[in-house]
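Worksheet for the structure shown next.
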Amino acid sequence: MKVSHPAPPVLPHPAEARSAFAAFLTQPFFIFGLPVTLQQLIFAGAVLVCVSPLGSPPLALLLGLLVALVVGNPFLSLSRKVTSKLLQWSVIGLGFGMNAQAAVQAGREGVLFTVASIGTTLVLGYFLGRWLKLNPKTSHLIASGTAICGGSAIAAVGPVLKADESQMSVALGAVFILNSIALFVFPALGHELHLSQNQFGLWCALAIHDTSSVVGAASHYGDQALQIATTVKLARALWIIPVALGTAFLFKTPGAKLKLPYFILGFIGAMLLNTYVPALQPLAPVAVKLAKIGLTLTLFLIGAGLSAQVLRSVGVRPFVQAVLLWVVISVASLYAILHTVS
């Protein structure tokens, strides 16, 4: 007698399963008469966690990454428009928690490190790019982002280079990935190496790319580290101007457009008001608290802007250049700080 066996169940193709999951997340339903989706509710819930007392810079970035990679960002276009403005206003708000004399001292202490690290990174980036046979514009964008202030430097130098969208995406993607790693790794290393607040703040400003991750890591380490890191990083960001002008000369790009970081003037203005207008000092803690919440939300939006497409766009060789530059500048600056700064 022939025994028949039931046919094995047909499992859905992974692409079909993802499509069904995406459709489920974006299926609208009504709450109080307003159409919403589960994707939007998850995004809003994550935002609420970030701005609540539970929120912190590392948690915000992690939540943003999870939202982007698991359920997707339902407000991707709006997020990208809001992120840079929110970061700028948050940095200006942090100025109300700083003293001008202390900031000048921190900036003076970090200026030699800044000049040395920027010059070394740009030169090393040039030779690494040639060794890896990278497109010169892509290589220079990655080196500029590592040398100065990450995405802001890339956004400023890109138009000067007349870089295309793919070259910008590769550089921004590489820098973003390393920023995300730094936000978690640097505070842990700082505690492991028993770095002082002064040492850690200076190291963050020199070795982490974006201002958002610098401020996030430093605020997680301590208030003094935050003040030093923010001041040195913003002073470092001013080097966008000479680097962009030098880029226009080296790459011979006529009519190049230079995008200046004007929000740094707002930070300086807030710091001067906090130092020399005593009547405003009672409001300073409120401004600083709002600024820190804004920064936390900025990191969430940065994480939520990630996608598998961004990761794929980077490629192996550009990422190798970015990692090598980052490791060299991190180790070299840490060695110099440990032997010269208390």
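Under the numbering used here, the residue at position 213 of the sequence shown is numbered 238, and the numbers go up by one with no gaps.
For glycine and all other residues, C-beta sits at the position ideal for the given N, C-alpha and C.
Note that the structure is predicted; figures quoted are calculated from it, not measured.
- Contact between the segment 171-180 and the segment 226-244 is present, with at least three C-beta pairs closer than 8 Å.
- The DSSP assignment places 125-156 as complete runs of the alpha helix (DSSP H) inside the segment 110-165, in order along the chain (cut-off: 4 residues).
- Its Cα nearest to that of Ser-194, the residue Leu-331 stands out among Val-345, Lys-317, Leu-331, Phe-54.
- Put simply, of Leu-326, Ala-347, Val-353, Pro-161 the residue whose alpha carbon is nearest the alpha carbon of Leu-88 is Leu-326.
- A direct Cα-to-Cα measurement between Lys-277 and Val-185 gives close to 10 Å.
- One thing to note: Thr-146 has its Cβ no nearer than 8 Å to the Cβ of Thr-163.
- Between Lys-158 and the set Gln-346, Tyr-360, Ala-357, Trp-351, the nearest pair of CA atoms involves Gln-346.
- In this structure, Gly-118 places its C-beta atom within 8 Å of the C-beta atom of Leu-315.
- Fewer than three pairs of CB atoms, one per stretch, sit closer than 8 Å, so the segment 203-214 makes no contact with the segment 285-302.
- Within its own chain, the residues whose Cβ lies closer than 8 Å to the Cβ of Pro-310, once the five positions on either side in sequence are excluded, are Gly-122, listed in chain order.
- Beta-bridge analysis with DSSP links Val-61 to Phe-54.
- DSSP, reduced to helix, strand and coil, places Cys-229 within a helical segment of the structure shown.
- Three or more beta-carbon pairs separated by less than 8 Å are not found between the segment 61-77 and the segment 106-113, which leaves the two stretches without contact.
- For the pair of segments examined, the segment 355-366 was found not to touch the segment 240-257: the number of CB pairs separated by less than 8 Å stays below three.
- Annotation: the continuous alpha helix (DSSP H) that includes Asn-299 extends over 288-301.
- By the C-beta density criterion, Gly-226 is buried, having at least 16 other C-beta atoms within 10 angstroms.
- In the structure shown, the three-state DSSP call for Ile-173 is coil.
- For Val-366, the secondary structure class from DSSP, reduced to helix, strand or coil, is coil.
- Remark: C-beta atoms of Asn-299 and Ile-253 do not approach each other more closely than 8 Å.
- Using a C-beta cut-off of 8 Å, the segment 258-269 makes no contact with the segment 91-103, since fewer than three inter-stretch Cβ pairs fall below that distance.
- The alpha carbon of Phe-68 has as its nearest neighbour, out of Ser-104, Ser-81, Phe-57, the alpha carbon of Ser-104.
- By the beta-carbon neighbour count (other beta carbons within 10 angstroms, threshold 16), Ile-56 is exposed.
- Taking Ser-191 as reference, the option from Ala-213, Ile-167, Val-210, Phe-211 with the minimal CA-CA separation is Ile-167.
- Take Thr-255, set aside five residues on each side of it, and the residues of its chain with a beta-carbon closer than 6 Å to its own are Leu-119, Val-240, in chain order.
- At least 8 Å separates the beta-carbon of Ile-318 from that of Ala-232.
- The DSSP-derived three-state label of Leu-263 is coil.
- Going by beta carbons, Ser-115 and His-245 fall outside the 8 Å limit.
- In this model, Gln-52 and Thr-323 are separated by some 27 Å (Cα to Cα).
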